[in-house]
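Asker:
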Amino acid sequence: MLLMDREKGFAAMREPADGREPVAATPVSPMVIADAAETDRIAADTVGDVTAKDAVICVRGGNVHYGETHALRDINLDVGRNEVIALIGPSGCGKSTFIRCLNRMNDTIESAKVTGDFRLDGQDIYARDTDVVMLRARVGMVFQKPNPFPKSIYENVAYGPRIHGLASNRAELDDIVYGSLERAGLVDEVKDRLDEPGTGLSGGQQQRLCIARTIAVNPEVILMDEPCSALDPIATARIEDLIDELSQKYAIAIVTHSMQQAARVSNRTAYFHLGRLVEVGPTDKIFTNPSHKLTEDYVTGRFG
Amino acid sequence: MRLTTLALILIVMALAAFFLGRRRAIAIGGPPGAARKLHSLPKYHGYYASLWCVLPGLVVLLAWAALSDTLITSRVIDSLPEALRNQPEAQLSLTLNDIRNLAAGQMVDESRRAEFEVAAGLYTELRAASRRILSGLIIAVSFLGFAVAWGRLKPQFRARNHVELAIKVALIAASMVAILTTLGILLSVTFEAIRFFRQVPFADFLFGLNWSPQTAIRADQVGSSGAFGAVPLFAGTLLISGIALFVAVPIGLMIAIYLSEYAKPAVRRVVKPILEVLAGIPTVVYGYFAALTVAPVIRQVGASLGLDVASESALGAGLVMGVMIIPFVSSLSDDVINAVPRAMREGSYGLGATKSETIKRVILPAALPGIVGGVLLAASRAIGETMIVVMAAGLSANLTANPLESVTTVTVQIVTLLVGDQEFDSPKTLAAFALGLVLFVVTLILNIIALQVVRRYREQYD
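Chains as they are written, first to last, in my numbering: chain A, 486 to 789; chain B, -9 to 452.
1. Whole angstroms is fine: what's the gap from residue 738 of chain A's alpha carbon to residue 757 of chain A's?
2. By the three-class DSSP mapping on this structure, what secondary structure does residue 267 of chain B have?
3. Taking 8 Å as the CB-CB limit, is residue 615 of chain A close to chain B?
4. Can you give me, in chain order, the residues of the stretch 640 to 672 of chain A that have a beta carbon less than 7 Å from any beta carbon in chain B?
5. Where does residue -3 of chain B sit, in a helix, a strand or coil, going by DSSP?
6. Under 8 Å, CB to CB, which of the residues in the stretch 347 to 360 of chain B have a partner in chain A?
7. Scan the stretch 602 to 660 of chain A and note each continuous beta strand (DSSP E) run of 3 residues or more that stays entirely inside, going in chain order.
8. Taking 8 Å as the threshold (C-beta atoms), are residue 669 of chain A and residue 658 of chain A in contact?
9. Residues of chain A with CB under 9 Å from residue 336 of chain B, in chain order?
10. Could you confirm whether any beta carbon from chain B is found closer than 8 Å to the beta carbon of residue 748 of chain A?
11. Would a check of beta-carbon distances place residue 702 of chain A closer than 8 Å to chain B?
12. Tell me where the beta strand (DSSP E) around residue 735 of chain A begins and ends.
13. Tell me the DSSP bridge mates of residue 756 of chain A?
14. Anyone know if the C-beta pair for residue 544 of chain A and residue 579 of chain A falls short of 8 Å?
15. Classify residue 548 of chain A as helix, strand or coil using the three-state DSSP reduction.
16. Going by DSSP in three states, residue 514 of chain A sits in which element: helix, strand or coil?
17. Any Cβ of chain B within less than 8 Å of the Cβ of residue 618 of chain A?
18. Can you find a C-beta in chain B that's less than 8 Å from the C-beta of residue 612 of chain A?
19. Who are the neighbours of residue 622 of chain A on chain B, taking C-beta pairs under 7 Å?
20. Can you list the residues of chain B that residue 699 of chain A reaches, using a CB-CB cut of under 8 Å?
21. Evaluate residue 227 of chain B with the Cβ neighbour count: other Cβ atoms within 10 Å of its Cβ, from every protein chain shown; 16 or more gives buried, anything less gives exposed.
22. Taking a contact to mean a Cβ-Cβ separation below 8 Å, would you say residue 671 of chain A touches residue 697 of chain A in this structure?
23. When you compare only the Cα positions, how much space is there between residue 438 of chain B and residue 430 of chain B?
24. Can you confirm whether residue 251 of chain B, when its beta carbon is compared against all beta carbons of chain A, has any partner nearer than 8 Å?
25. Taking residue 341 of chain B as the reference, give the member of A/728, A/611, A/706 with the closest Cα.
26. Per DSSP, what are the beta-bridge partners of residue 201 of chain B in this structure?
27. So is residue 458 of chain B buried or exposed if we call it buried at 16+ other beta carbons inside 10 Å?
28. Is there at least one Cβ from chain A nearer than 8 Å to residue 256 of chain B's Cβ?
29. Taking residue 62 of chain B as the reference, which of B/111, B/16, B/78, B/105 has the closest Cα?
30. First and last residue of the alpha helix (DSSP H) that includes residue 710 of chain A?
31. DSSP puts residue 543 of chain A in a beta bridge; with which residues?
32. Which of the three DSSP states, helix, strand or coil, is assigned to residue 348 of chain B?
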């Protein structure tokens, strides 16, 4: 009964719309576009150029189901080498799900089912013979909440190189650890206390330790899932500077809820909405002159 | 008045005090939802009145229970004839027992009935009087307490803070019960053990290699050396517990890792309760399983390998005990492994670690304290286990490290020392307390060592 009423309500709101175009013209209230079917109708095709020059990651027709929930719908998106791409959108829109597909972190979730074509350097990420261990060494991940291991700072960074056998002796391992800490901008703060637990650092230092840990295995792509959401503005600024430096060497995909952050750190921005990739384009265009109504509503703060 | 009636009256009074207190609070503070004139919610005023009604009565009851018997007894003794009154202490206490029995209508020595009848009558009378006074006193004190509380109920009265304090005190008291009980057990065992050590030198007991507690009653008895060397018993305990832990720790840990990291939730939901059933099987059942099923198998296997296996072997008892304590290790370890945050796992997987690498390098170090706790619990179960050993490992105190021989343990010997008719001042009986004391100290030391291990190797994750 309730459902029928809702259907009627939506139908009534749709009535003045004639086909697809007028929707963008009529003011769309957040309540209406919070409906998945509606999003399908007005954002079935992504606006903007999804391809990237010299793409390292290439996704075509990516779909993810969590049990009954269709969390990602027909995503096409490339990530270029030495590019920082920001993924923005309201909570639950699928941006985290998307980056977790790129290093198969969704494998650890029982109910997740991934379909579509995900490629890293032309190799199928979800092929039967893909070694997840090697994949994750090439596509590193930094998480929302800093999660250093309850080990010493040194051991945190040495963890990846050890399990992948990247160092043949202690001196080489030392080099990797120092180099990674240096590139993560942490070496000056921790060089005298490498044997103290990583969990004793401040939140921002912990997150930089996690970044150092990730780059210690020398990945090609770094995925960041809201890396600054648990940090104060100063720690955030340091991480953003770091992302800028790292983009010289790595492709970075960063999920963020902060539009300013996306504008500051990224070259390209992709706007997700209820499992759809609505619009993708150069960051300055997305923030100054978005083509899609949904993107405009979001970046101007009308909702989300 | 009977104690149950008194308890009922108190409960009714407490309830009445609660409702009266609450009503008064509403009356002086205005209806709920009106501008808040009351500092505390009306129900706290109710609780406060109720507490004041019950607690003083309980204090009186406890004090009376502690004192009344001494008072009554001394009055009864005073009433006894000169000859009885001046008996030695032990005799006097026997006489008093007879009087109590007579008062309770139980069998007494008929020849002395007449002698005790007057005293028994007095005893009954005094007890009845004591009951009446107690009942009156408690009810009076409760009313008084309620009146005090009633006088304090004012809008600005901080009833909530008082009630919170009462709750805190109650919780502290509850934890004191456990501590005081432990202390009491320790003290009682210590005093008996000291009596034992007056008769048998401490060093002989602790370092003696020969256990044969049968003391000679007559001088010409043979085979009753009365040797109290505890080393064979502790060696036997260590051997059997060692075998049990050798079985239980690896298997239990692997079960825990499988259940928490590899098994599907459906499998886990079925397997975990089944495992926990293992812990619920009575040890007697394990005992005959060990003696009738496992021991013959070990014997046959040993014979086919050309080994000489005793029909009651430490190995059989140890293996079965190991199976019994698997759930202690697996269940507790499973819980702590599950408590390791998901973020730790994701961090490790995200760096390309495999499942087993993640478990070995991240999860087990983080879960170490809980795992050691589980192992300790299992170890104390193994050390304290008696029935399986009685049935499957025998009673002979051999000093051996060979698991194929028959051994005995500390707890088994404590049982055999205390079973049957015993004099409570012979070294044979008192030895049980000395064994208990040493066992207590040994397990305490084990616990301290384990705590140190945990502190040293723990990786704290939050």
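Glycine included, each C-beta is placed from N, C-alpha and C at the ideal position.
Answerer: Concretely, from the data shown:
1. Residue 738 of chain A and residue 757 of chain A: Cα-Cα distance of roughly 14 Å.
2. helix
3. no
4. 644, 645, 648, 649
5. helix
6. 347, 351, 352, 355, 356
7. 624 to 627
8. no
9. 590, 593, 626, 628, 632
10. The C-beta of residue 748 of chain A comes no closer than 8 Å to any C-beta of chain B.
11. Yes, residue 702 of chain A counts as interfacial toward chain B.
12. Residue 735 of chain A -> no beta strand (DSSP E), and no H or E assigned at all.
13. A/573, A/764
14. By the CB criterion at 8 Å, residue 544 of chain A and residue 579 of chain A fall outside the cutoff.
15. If DSSP states are grouped into helix, strand and coil, residue 548 of chain A belongs with the strands.
16. Residue confidence for residue 514 of chain A is low, a pLDDT of 45 falling below 50, so the modelled location carries little weight; the figure read from the coordinates is stated next. Correct three-state label for residue 514 of chain A: coil.
17. yes
18. no
19. The answer, in chain order, is 342.
20. 340, 341
21. buried
22. yes
23. 12 Å
24. no
25. A/706
26. Partner(s): B/218.
27. Nothing in the structure corresponds to residue 458 of chain B, since chain B is present only between -9 and 452.
28. no
29. Nearest of B/111, B/16, B/78, B/105 to residue 62 of chain B, Cα basis: B/111.
30. From DSSP, residue 710 of chain A is part of no alpha helix (DSSP H) but of the beta strand (DSSP E) over 706 to 710.
31. A/563, A/604
32. helix
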